[in-house]
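Heads up: the structure comes next, in structure tokens.
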Ligand SMILES: Cc1cc2nc3c(=O)[nH]c(=O)nc-3n(C[C@H](O)[C@H](O)[C@H](O)COP(=O)(O)OP(=O)(O)OC[C@H]3O[C@@H](n4cnc5c(N)ncnc54)[C@H](O)[C@@H]3O)c2cc1C
Ligand SMILES: NC(=O)c1ccc[n+]([C@@H]2O[C@H](COP(=O)([O-])OP(=O)(O)OC[C@H]3O[C@@H](n4cnc5c(N)ncnc54)[C@H](OP(=O)(O)O)[C@@H]3O)[C@@H](O)[C@H]2O)c1
């Protein structure tokens, strides 16, 4: 009998899940998507706040955003971005178009219930077999429907619910406060003095947009390092905010500045408001647990999560995560016992801490993503990514670090399993990949007092074939 796999969300992760479930005999997907279209994050809307159904706006996309990864590193391994487009760093509308084409190519839309908001997911255990009751509201009719599934894949995205830090005396501040989730375009900030708090992808990219119109952008961050790239003349870096005043902010380096606006680019919270307590999932200190391999709910292993790791090449990683989990659901692969999986999670967290990395960065894989993808590939018997992917990513990190203002004008072309071209010159990477600093966004230089991390030598990968692009 067919096993029904419920998929929550029709963004890139949910589409990828549906695509591989459909390809697996014996499994059949039901995807619930609260929006009327696929794409999730990539569905831009100028609206902020709530939508016509009173639900919070999901996407944090802004009008002029171009990708911060080249499209050559963004596509799913079995469905690359079209190569007729020369630019590597593309406008967000092109990513949405790509995801729509992906959905059409794999005939996913008949399996997606659009305008359906998942409200409750509850396990039901009978004779030691877990099934899942998924209660969904049809937003057009406000009717509630419960479907029983054999497995559930959670793909609800994690860049929607703003994380806003507590700032001492913030109630005294008379200026405007906004989170990057609600940022759409720079014109409202003309001639303003803006404190941008946080210097990861949003903080940096939005600072550059604001600098074109604002009087001054004060980039405030607590990275152990300074952004080393040239920045526009009206952008200056200070340490993190320690307190607010009526007309501005005090920073950890003792300086202070007047500001008309504070733009919180302080990231997002993982939230799963539809998971009943019996699911056994909790989020603490930015860690979703207990998840084996950042995917499997160890309490009820027929529940998987796609897309929890961050600072990765998302679509590539989703594809490995989905294929790994689907292999398990289809019975082609077994998982260790709950005890062994929980032990593996605790061990991994211990190793993470022993490297001096904050536990809130446990899901931040960065350079570890290649080992992680290979691990999933080897366990599930999947082809590995070709070395060029890591090589290109390493080159990108260097270019981004040194040329923050202009890196998005670079063009890359993959020319073979080990080589790529950038602006005409062929670059070859080393055959070893190294664990690098673990520093945010890859654009900053390490201070001498920052701990260094041990190098990891890339595993030999002789046994399985590579994906060809
Ligand atoms: C501003 C910004 C820029 C980015 N730029 C890049 C980039 O350049 N390159 C890159 O590779 N990645 C980028 N990312 C990361 C991006 O989020 C991922 O690439 C990817 O799109 C995430 O896909 P997802 O499916 O996990 O989540 P989402 O795209 O967020 O999709 C989740 C889906 O689940 C639906 N959903 C949520 N809750 C429910 C519910 N209860 N019921 C029904 N449906 C629900 C949502 O409506 C949504 O459609 C960016 C992210 C942001 C925020
Ligand atoms: N295509 C693009 O150009 C583009 C643009 C924007 C965003 N994005 C994507 O969107 C996703 C989210 O990125 P994001 O930058 O919004 O979130 P993020 O990567 O989670 O970064 C948030 C940053 O804010 C810092 N922070 C949190 N609280 C702080 C505080 N009180 N004081 C100072 N700093 C604080 C965090 O530091 P800690 O980590 O130390 O807590 C972190 O560096 C990523 O996938 C990113 O690639 C892409």
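In my numbering, the protein residues as written are 1 to 469.
Just so you know, even glycine gets a beta-carbon here, dropped at the ideal spot from N, CA and C.
Minimum C-alpha distance to residue i - residue among the options
| i | options | result |
| --- | --- | --- |
| residue 381 | 365, 420, 118, 325 | 325 |
| residue 362 | 283, 389, 400 | 283 |
| residue 369 | 356, 385, 357, 360 | 385 |
| residue 296 | 257, 227, 327 | 327 |
| residue 113 | 122, 64, 67, 11 | 11 |
| residue 52 | 41, 60, 36 | 36 |
| residue 178 | 312, 185, 264 | 264 |
| residue 404 | 173, 148, 209 | 209 |
| residue 174 | 359, 247, 68, 46 | 247 |
| residue 64 | 45, 78, 103 | 45 |
| residue 347 | 262, 329, 290, 232 | 290 |
| residue 310 | 286, 130, 72 | 286 |
| residue 300 | 414, 189, 329, 413 | 329 |
| residue 211 | 186, 249, 127, 374 | 186 |
| residue 21 | 230, 323, 215 | 323 |
| residue 167 | 377, 133, 57, 251 | 251 |
| residue 69 | 422, 397, 415 | 397 |
| residue 216 | 417, 351, 24, 237 | 237 |
| residue 191 | 214, 102, 140 | 214 |
| residue 55 | 140, 95, 104 | 140 |
| residue 105 | 298, 375, 80 | 80 |
| residue 393 | 416, 367, 19, 93 | 367 |
DSSP state of residue i mapped onto helix, strand, coil
| i | result |
| --- | --- |
| residue 102 | helix |
| residue 68 | coil |
| residue 384 | strand |
| residue 289 | strand |
| residue 319 | helix |
| residue 325 | helix |
| residue 371 | helix |
| residue 526 | Nothing about residue 526 can be reported from this structure: the residues present for the chain run from 1 to 469 only. |
| residue 394 | helix |
| residue 6 | strand |
| residue 402 | helix |
| residue 184 | coil |
| residue 439 | A caution first: residue 439 carries a pLDDT of 28, below 50, which makes its placement in the model unreliable, though a value can still be read off. Three-state result, residue 439: coil. |
| residue 408 | helix |
| residue 449 | Residue placement at residue 449 is flagged as unreliable, the pLDDT there being 30, under the threshold of 50; the coordinate-derived value follows with that caveat. In the structure shown, residue 449 sits in coil (DSSP, three-state: anything other than H, G, I, E or B). |
| residue 243 | strand |
| residue 174 | coil |
| residue 283 | strand |
| residue 138 | strand |
| residue 433 | Note that residue 433 scores 31 on pLDDT, short of 50, meaning its location in the model is unreliable; the coordinates nonetheless yield the value given after this. Residue 433 falls in the coil class under three-state DSSP. |
| residue 43 | coil |
| residue 189 | helix |
| residue 179 | strand |
| residue 263 | strand |
| residue 314 | helix |
| residue 13 | helix |
| residue 248 | strand |
Check whether residue i and residue j have beta carbons under 9 Å apart
| i | j | result |
| --- | --- | --- |
| residue 239 | residue 260 | no |
| residue 138 | residue 411 | no |
| residue 154 | residue 305 | yes |
| residue 40 | residue 13 | yes |
| residue 158 | residue 308 | yes |
| residue 42 | residue 8 | no |
| residue 136 | residue 111 | no |
| residue 364 | residue 258 | no |
| residue 341 | residue 292 | yes |
| residue 335 | residue 262 | no |
| residue 228 | residue 401 | yes |
| residue 420 | residue 72 | yes |
| residue 388 | residue 313 | no |
| residue 74 | residue 67 | yes |
| residue 207 | residue 231 | yes |
8 Å contact criterion, which residue i and residue j should meet: CB distance rounded
| i | j | result |
| --- | --- | --- |
| residue 98 | residue 183 | With a Cβ gap of about 24 Å, residue 98 and residue 183 do not count as contacting. |
| residue 221 | residue 199 | 4 Å |
| residue 16 | residue 319 | 6 Å |
| residue 268 | residue 195 | Rounded, the Cβ-Cβ distance is 19 Å, inconsistent with contact. |
| residue 281 | residue 272 | 6 Å |
| residue 121 | residue 276 | 6 Å |
| residue 235 | residue 219 | 6 Å |
| residue 164 | residue 266 | 7 Å |
Residue i: CB within 8 Å of a non-hydrogen atom of ligand 4
| i | result |
| --- | --- |
| residue 314 | With respect to ligand 4, the structure offers nothing, as its ligand set consists of ligand 1 and ligand 2. |
Residue-chain proximity (residue i, chain C), Cβ-Cβ < 9 Å
| i | result |
| --- | --- |
| residue 13 | The structure shown contains no chain C; it holds only a single protein chain. |
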